[in-house]
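Following: one structure in structure tokens, then a few remarks.
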Amino acid sequence: MIQISFIRGSALRRVFINGRVISLLAGELNNVPLKIDLDKLDKQKDKIEKMKLDKEMLKDLSRLLTEKEISLDIIHDFEKSGWRRVRG
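Note that the working numbering has the sequence shown beginning at 4, numbered continuously upward.
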């Protein structure tokens with residue numbers, strides 16, 4: 004399992020990658036993890052639309068195979084949108 008944390012201002016996001024399942028933890032979700040299985044994106048359309056997640060980004064992630072590739076892509080996407088990675 005890979006854990007990555009990002010901040011922007013006072014907002015904190017935690018991303019957990021366990022195989023092909025990504026869990027997002029954010030204050031807007033009342034710190035309840037949003038789990039997205041990259042192998043079952045079609046079954047999770049409601050969840051994706053509700054959170055206003057970028058569908059194309061998720062499709063790109065689903066094409067990646069390893070946790071390492073997925074984590075590097077998530078880091079790139081978060082930093083591109085203004086989030087700063089917290090090391091530690």
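For each residue, glycine too, the CB sits at the ideal point set by N, CA and C.
These figures come from a predicted structure and were not determined experimentally.
Query: Sufficient close CB pairs (3 or more, under 8 Å) joining the stretch 53-68 to the stretch 7-22; Result: no
Query: Cβ pair Leu28, Asn34 closer than 8 Å; Result: yes
Query: Secondary structure, alpha helix (DSSP H): runs of 4+ residues fully inside the stretch 25-86; Result: 48-53, 58-66, 70-83
Query: Alpha-carbon spacing of Glu82 relative to Asp76, whole angstroms; Result: 10 Å
Query: Coarse secondary structure for Arg16, derived from DSSP in three states; Result: strand
Query: Arg90 in three-state terms, based on DSSP; Result: coil
Query: Buried or exposed by the 16-neighbour rule on C-beta atoms within 10 Å, applied to Gly68; Result: Here residue 68 turns out to be Leu, not Gly, going by the sequence shown. Exposed, because fewer than 16 other Cβ atoms sit within 10 Å of the Cβ of Leu68.
Query: Option in Ile5, Ile25, Asp42, Arg90 with minimal Cα separation from Pro36; Result: Ile25
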